[in-house]
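Step one of this worksheet: look at the structure below.
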Amino acid sequence: MNKLNQLFKVLSLLTLSLVSNLALAGSPVFTMIPQTPVVLQLVSGETAIVKYLVTNQSLKPHTITMKPIAGVIQLTDAGSCSNPFTLTARQSCILSLQIIASQIPGKINEGPIICQIAPDGNPSPLLCNQPSSANSLNISVQAANQYSVNISAGSGGSVSPSGTQAVYSGASLPLYANPAPGFSVYQWLVDGSVVQMGGSNFTLTNIIANHQVSVSFTSNPVFFSGAQNGNIYYSFTGGLSWSATAQMPGAGSPVNSLWINPLVMYSGNANGFIYYSLNNGNSWQQTASPDGSAINAVFVLNNQLYAGTASGFIYYSVNNGSNWNLLSSPDGSAVNALFLTTSAFYAGTSNGNVYYSSNNGISWTAINGLVDGSPVKGVYVANNSLFTNTANEYVYSSNALTGGGNWGSIAQTVFSLFVNSSGLLFAGTQGGYVYSVSEGLDLGFITYSPMNAVAVLN
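Numbering (mature numbering (1 follows the signal peptide of the UniProt record, and there is no 0)) for the sequence shown: -25 to -1, 1 to 433.
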């Protein structure tokens, strides 16, 4: 019996040796057919994917693993062989390999070698196969040039990544700006030149030289916009996001005009009333109506509330709209715009003129001629210039504040206008957008409703 056992063991070893020799001699148990190119020239820093169709040509199942190769990682995503993987008779799977050039010491000119797993869990040297020499991995790696990109952020935020980053030639480097609360991204600069206005993301592409990249931030003004749908919208994020106030003034009546300071918001509505809020639009108080017609313009000067109406009159109130006093009418047509200072009153009317008064609205004089023949919708004075926008959706300016000048067109596609004390122009559109005219910046889409009024708090 012992002799028979010994004979059986010898025959088993001879059989296993024969299978192994057959595999190495051109009759592999595991065949490997490339599904992708296997001859690759990579630059350090690059990666590539190589795939083989592995088939178990025997009539028995085998559990298989790949011998480790520096710079080669077996992928086990959906549709790929697992690690290790078991193939039944004639079964196949896709062996997916990720080639990482920076981890390859020199080059690869053989393999991959796959082996049956031995009882100890390691690849068995007695049953291993690899592709033919023509189908084996043939990967060479060239050293890549590296460049330095120095990245910094101005006050008001941070950038990621930051500091000096080493980047391979031809690569891209995505950057992310993180504005502090109350700030937004202003500019991205590369080597001192502006390459992008605004935006939290910027990618430096095709890097073939050293670069300096910086991002600057600006403190956010608070933007407001009154819409035809009756809502007032605001943005504390430089226009990145907009919200409607908790309550709408006028129960859906179109908002024609806004006047806002840090303490109070005024809304002039098409239903003939002015509304004011002391809590950022959480609730509104209604004033008396000056004459029952639509309120087209609202302004506050020296604690007096002024209203321009569709009936063509200008009113003022010394008790926040409880009672109204009548000023003279500029020309009898609808008063669409008011801008008041201690030394000069300005009004824009539907007959297409801008009017000036040096006596607090007792009398009015048309100045600088018809603007463009369409109704004037807004009037502002800033930096010794007079600005106006019209129903034709153009913006005009003049240096003649009291008359004797003319109008020059400076912008278009402006449905509503606001000019701050620094002379920066902001606009609302019929399509529901707000943008900075002066800087050419889109400040966001609000809603599908015309933006009848815009206001900005710096």
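Each residue gets a CB set at the ideal place from its N, CA and C atoms; glycine is no exception.
Bear in mind the structure is a predicted one, so any value in this text is a computation, not a measurement.
Hey, would you say residue i sits closer than 8 Å to residue j, going by beta carbons?
i: Gly20; j: Ala146; result: yes
i: Asn335; j: Phe314; result: no
i: Ser232; j: Asn271; result: yes
i: Ile44; j: Ile83; result: yes
i: Asp417; j: Tyr423; result: no
i: Pro305; j: Thr324; result: yes
i: Gln203; j: Gly256; result: no
i: Val389; j: Tyr369; result: yes
i: Tyr331; j: Gly378; result: yes
i: Val25; j: Gln117; result: no
i: Met172; j: Gln187; result: no
i: Ile74; j: Ala119; result: no
i: Ala386; j: Val412; result: yes
i: Thr365; j: Pro350; result: yes
i: Leu376; j: Leu400; result: no
Just the C-alpha distance for residue i and residue j, rounded to the nearest angstrom, thanks.
i: residue 437; j: Leu280; result: Here the chain covers residues -25 to 433 and nothing more, so residue 437 does not appear.
i: Ile8; j: Glu85; result: 14 Å
i: Leu15; j: Gln121; result: 21 Å
i: Pro149; j: Tyr251; result: 46 Å
i: Ser175; j: Asn206; result: 28 Å
i: Leu28; j: Gln405; result: 60 Å
i: Ile183; j: Ser144; result: 5 Å
i: Tyr371; j: Asn359; result: 14 Å
i: Gly398; j: Ser391; result: 16 Å
i: Leu(-10); j: Thr180; result: Note that Leu(-10) scores 43 on pLDDT, short of 50, meaning its location in the model is unreliable and no value can be drawn from it.
i: Lys352; j: Asn427; result: 10 Å
i: Ala(-1); j: Asn58; result: Only weak support exists for where Ala(-1) lies, its pLDDT of 45 falling under 50; the value from the coordinates is given anyway. Near 26 Å, if we compare the C-alpha coordinates of Asn58 and Ala(-1).
i: Phe211; j: Ala402; result: 17 Å
i: Val169; j: Ser77; result: 34 Å
i: Asn374; j: Asn328; result: 16 Å
i: Trp234; j: Leu164; result: 36 Å
i: residue 454; j: Phe199; result: Lying outside -25 to 433, the shown extent of the chain, residue 454 is not represented and no answer is given.
i: Asn298; j: Ile249; result: 12 Å
i: Met240; j: Gly419; result: 22 Å
i: Ala282; j: Gly243; result: 8 Å
i: Ser55; j: Leu112; result: 18 Å
i: Gly287; j: Asn236; result: 26 Å
i: Leu215; j: Asn277; result: 34 Å
i: Ser123; j: Ser137; result: 12 Å
i: Lys42; j: Ala93; result: 13 Å
i: Ile114; j: Cys103; result: 21 Å
i: Val354; j: Ser384; result: 14 Å
Spell out the partners DSSP gives residue i in its beta bridges.
i: Met426; result: Ala202
i: Gln10; result: Note: Gln10 sits in no beta bridge, so no partner.
i: Lys26; result: Ser71
i: Ser168; result: Val165
i: Gly145; result: The partner list for Gly145 (beta bridge, DSSP) is empty, contrary to what the question assumes.
i: Asn31; result: Phe5
i: Thr363; result: Val354, Tyr371
Please check if any C-beta of chain B sits within less than 8 Å of the C-beta of residue i.
i: Ser115; result: Looking at the structure shown, chain B is missing, and only one protein chain is on hand.
(message) My parser needs the beta strand (DSSP E) runs of 3 or more residues fully inside the segment 47 to 131; what are they?
(response) Entirely contained in the segment 47 to 131, the beta strand (DSSP E) runs reaching 3 residues are, in chain order, 47 to 50, 60 to 62, 67 to 75, 89 to 92, 98 to 104, 113 to 117, 121 to 128.
(message) Would the segment 58 to 72 count as touching the segment 23 to 37 if we require 3 or more Cβ pairs under 8 Å?
(response) The segment 58 to 72 is in contact with the segment 23 to 37.
(message) I want to know whether the segment 64 to 79 touches the segment 96 to 105 - three or more CB-CB distances under 8 Å.
(response) The segment 64 to 79 vs the segment 96 to 105: no contact.
(request) For the segment 122 to 136 and the segment 103 to 110, state whether three or more C-beta atom pairs, one from each stretch, are separated by less than 8 Å. (result) Proximity of the segment 122 to 136 to the segment 103 to 110 falls short of the contact definition, fewer than three beta-carbon pairs being nearer than 8 Å.
(request) Starting from the N-terminal side, write out each stretch of the beta strand (DSSP E) that is 3 residues or longer and does not extend beyond the segment 258 to 309. (result) If we require 3 residues or more, the beta strand (DSSP E) runs fully inside the segment 258 to 309 come out as 270 to 276, 279 to 284, 289 to 292.
(message) Under 8 Å: do the segment 186 to 196 and the segment 154 to 170 share three or more Cβ pairs, one atom per stretch?
(response) Counting C-beta pairs closer than 8 Å gives three or more between the segment 186 to 196 and the segment 154 to 170, which meets the contact rule.
(request) Kindly confirm or deny that the segment 291 to 302 and the segment 253 to 272 touch, where touching means at least three C-beta pairs closer than 8 Å. (result) As far as the Cβ criterion goes, the segment 291 to 302 touches the segment 253 to 272, which means the pair count is three or higher.
(request) Output the residue ranges of the beta strand (DSSP E) runs that lie fully inside the segment 374 to 432 and measure 3 residues or longer, sorted by chain position. (result) Unbroken beta strand (DSSP E) runs of no fewer than 3 residues, entirely contained in the segment 374 to 432, are found at 383 to 387, 391 to 394, 400 to 403, 408 to 411, 416 to 420, 426 to 432, following chain order.
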